[in-house]
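Respectively, the protein sequence lines represent chains A and B.
Once you know that position 153 of the first sequence is 153 in our numbering, the rest is easy, because the numbers rise by one and skip nothing.
Counting from 1 along the second sequence, just add 177 to a position and that's the residue number in our numbering.
One structure is given below, encoded as structure tokens.
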Amino acid sequence: MGRWLLAILIGLVGAGIVHILVLFLVPEVSDHGPWEELAASAPLQVFARVDEDRVAVGGAPFFHAAACRFDLGAGPVRVRAEGRVPFWSMAVFDRFGQNVFGVNDRTAEGGGGVDLLLLTPTQMVELQKAVPEGLERTVYVESAPELGIVVLRAFMPDDTWKGLVDRFLGSASCRPL
Amino acid sequence: MIVFILQVATAFLIAFCGGTFSLLYVLDRNVSPVSVRVGAWSALAADVGGTPYSRARTARRAALPLGPGEGIAFATAADSDGRPLTSDCRYTVAGTVPPNRFWTLEVASDGPAAATAAGPSAITSLDLLRDEENDFAVTISPSPSPGNWVSAPQAPSWRLVLTLYDTSIAASAGVTDVVLPRIVRTDCRG
Numbered sequence: 001m002g003r004w005l006l007a008i009l010i011g012l013v014g015a016g017i018v019h020i021l022v023l024f025l026v027p028e029v030s031d032h033g034p035w036e037e038l039a040a041s042a043p044l045q046v047f048a049r050v051d052e053d054r055v056a057v058g059g060a061p062f063f064h065a066a067a068c069r070f071d072l073g074a075g076p077v078r079v080r081a082e083g084r085v086p087f088w089s090m091a092v093f094d095r096f097g098q099n100v101f102g103v104n105d106r107t108a109e110g111g112g113g114v115d116l117l118l119l120t121p122t123q124m125v126e127l128q129k130a131v132p133e134g135l136e137r138t139v140y141v142e143s144a145p146e147l148g149i150v151v152l153r154a155f156m157p158d159d160t161w162k163g164l165v166d167r168f169l170g171s172a173s174c175r176p177l
Numbered sequence: 178m179i180v181f182i183l184q185v186a187t188a189f190l191i192a193f194c195g196g197t198f199s200l201l202y203v204l205d206r207n208v209s210p211v212s213v214r215v216g217a218w219s220a221l222a223a224d225v226g227g228t229p230y231s232r233a234r235t236a237r238r239a240a241l242p243l244g245p246g247e248g249i250a251f252a253t254a255a256d257s258d259g260r261p262l263t264s265d266c267r268y269t270v271a272g273t274v275p276p277n278r279f280w281t282l283e284v285a286s287d288g289p290a291a292a293t294a295a296g297p298s299a300i301t302s303l304d305l306l307r308d309e310e311n312d313f314a315v316t317i318s319p320s321p322s323p324g325n326w327v328s329a330p331q332a333p334s335w336r337l338v339l340t341l342y343d344t345s346i347a348a349s350a351g352v353t354d355v356v357l358p359r360i361v362r363t364d365c366r367g
């Protein structure tokens, strides 16, 4: 009798260990996460329109989105887009889909459109010593994780705006500085 | 000897099954991370938790929802009296919305969008007709209605999603002080 109870007890302790192990393994081995789904449609540092069937960004039918996976390992990445749409917003996620930062066309200073610089805290310190040309109106966004996802969402009140929205999202770029 | 092997096997079985199923239960229980309830509405918040559980959750389904700097979405599957939304009834969504640049109201159903008769599945605050007191009312029903109308799907279960864009409440902790429109069931058929 005692041995059975011992077996059950060991099993329960083991369940706790398995629970924690699998919890930490799931993000590492999953191929359904946002990073993996986006990797199937575009390489790093490239914006691609988000297919709602693969990655749920929401906002349909009024919002269209483009996403770019970035790697700050080689330096800061500049995110730009040309054109005007009635409203745009941008979110930065880490590699596991956790929200890090969010901004929209009103809260982003500069007023000229999408112009953000993603950089790690270390790169920020370097940059503040000498601001390169052309970045005076750029919004600096610190991202401690080097790998992450930028999502640019554009508002399309109705189909008459489709051309502008497509051009806006098509012009989006996330290139190393 | 056999008994000993059985005991060891039992321990392994409890460990493996207990650990995995308890984890799946916790992860799947909050398929849509719900943070705050306001009346009939529940706020859908992007995972800023950063806990191992929220990481594991987003790893299993690819979703990149609105963050605090962009907007906030509220969803409900029931009217303001707590009854589930059904396509046998008509609903009126009316009331006040917190300060925002604009908002959208859409009907969302799981699974493929059933072929509704040609009709809008969503409406924005920019297209809204308002009365003399600047109030609005949106009718949700399967058949067209005068005024602001959003078509209800033929799906057995569906949700209303109200998304506010560029609103101060998205980033603050004071979401519970917010007042959102009421969803009133007007009349049903059958």
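Think of the CB as a built atom: it goes at the ideal place given N, C-alpha and C, for glycine as much as any other residue.
{"query": "So Gly97 of chain A contacts chain B; which residues on that side make the cut at Cβ distance below 8 Å?", "result": "Asp224, Arg232, Thr235, Ala236, Ala239, Ala240, Leu241"}
{"query": "From the DSSP secondary-structure annotation, give me the bridge partner or partners of Gly102 of chain A.", "result": "A:Ala91"}
{"query": "Looking at the unbroken alpha helix (DSSP H) that takes in Leu25 of chain A, where does it start and where does it end?", "result": "2 to 29"}
{"query": "By a C-beta neighbour count over all protein chains shown, 10 Å radius and 16 as the cutoff for buried, is Pro261 of chain B buried or exposed?", "result": "exposed"}
{"query": "What are the start and end residues of the beta strand (DSSP E) that includes Gly148 of chain A?", "result": "147 to 155"}
{"query": "Between Arg167 of chain A and chain B, is the shortest Cβ-Cβ distance under 8 Å, so that the two count as touching?", "result": "no"}
{"query": "Determine whether the beta carbon atoms of Thr363 of chain B and Tyr230 of chain B lie at a separation below 8 Å.", "result": "no"}
{"query": "Kindly list, in the order they appear in chain B, the residues whose Cβ is closer than 8 Å to that of Val55 of chain A.", "result": "Ala239, Ala240, Leu241"}
{"query": "With 8 Å set as the bound, which would you pick, yes or no: does the beta-carbon of Thr107 of chain A sit closer than that to a beta-carbon of chain B?", "result": "yes"}
{"query": "Following a CB-centred definition, is Arg175 of chain A positioned closer than 7 Å to any heavy atom of the ligand NAP?", "result": "The model depicted lacks the ligand NAP and carries no ligand whatsoever."}
{"query": "Using a Cβ cut-off of 7 Å, pull out every chain B residue sitting near Glu37 of chain A, in sequence order please.", "result": "Ala239"}
{"query": "Buried or exposed: which applies to Ala294 of chain B, given that a residue is buried once 16 or more other Cβ atoms fall within 10 Å of its Cβ?", "result": "In this predicted model, Ala294 of chain B has a pLDDT of only 49, less than 50, meaning its place in the structure is not dependable; the value taken from the coordinates is given anyway. So Ala294 of chain B ends up on the exposed side."}
{"query": "Within 10 angstroms of its Cβ, does Val356 of chain B collect 16 or more other Cβ (buried), or is it exposed?", "result": "exposed"}
{"query": "Does the CB of Leu200 of chain B have a neighbour CB from chain A at under 8 Å?", "result": "yes"}
{"query": "Assuming Val79 of chain A is part of the beta strand (DSSP E), what are its boundary residues?", "result": "77 to 81"}
{"query": "Taking DSSP's pairing of strands, which residues face Asn325 of chain B in a bridge?", "result": "B:Val315"}
{"query": "Roughly how many angstroms separate the alpha carbons of Val26 of chain A and Leu147 of chain A, rounded to a whole number?", "result": "18 Å"}
{"query": "Check the DSSP bridge columns for Pro176 of chain A and list the partner residues they point to.", "result": "A:Val77"}
{"query": "Rounded to a whole number of angstroms, what is the C-alpha to C-alpha distance between Gly324 of chain B and Ser30 of chain A?", "result": "47 Å"}
{"query": "Check this for me: beta carbons of Ser328 of chain B and Pro297 of chain B, under 8 Å apart or not?", "result": "yes"}
{"query": "Based on Cα-Cα distance, which residue from B:Val185, B:Ser219, B:Arg232, B:Asp265 lies nearest to Leu200 of chain B?", "result": "B:Arg232"}
{"query": "Can you tell me which of A:Glu82, A:Trp4, A:Asn99, A:Asp158 puts its alpha carbon nearest to the alpha carbon of Phe168 of chain A?", "result": "A:Glu82"}
{"query": "Output the distance between the C-alpha atoms of Pro34 of chain A and Val55 of chain A, rounded to the nearest integer angstrom.", "result": "6 Å"}
{"query": "Could you tell me which residues DSSP puts in a beta bridge with Asp364 of chain B?", "result": "B:Arg267"}
{"query": "Quick one, which of B:Thr281, B:Ser219, B:Met178 has its alpha-carbon nearest Phe87 of chain A's?", "result": "B:Thr281"}
{"query": "Buried or exposed, going by whether 16 or more other CB atoms sit within 10 Å of the CB of Tyr342 of chain B?", "result": "buried"}
{"query": "Which partner residues of Arg359 of chain B appear in the DSSP bridge assignment?", "result": "B:Ala271"}
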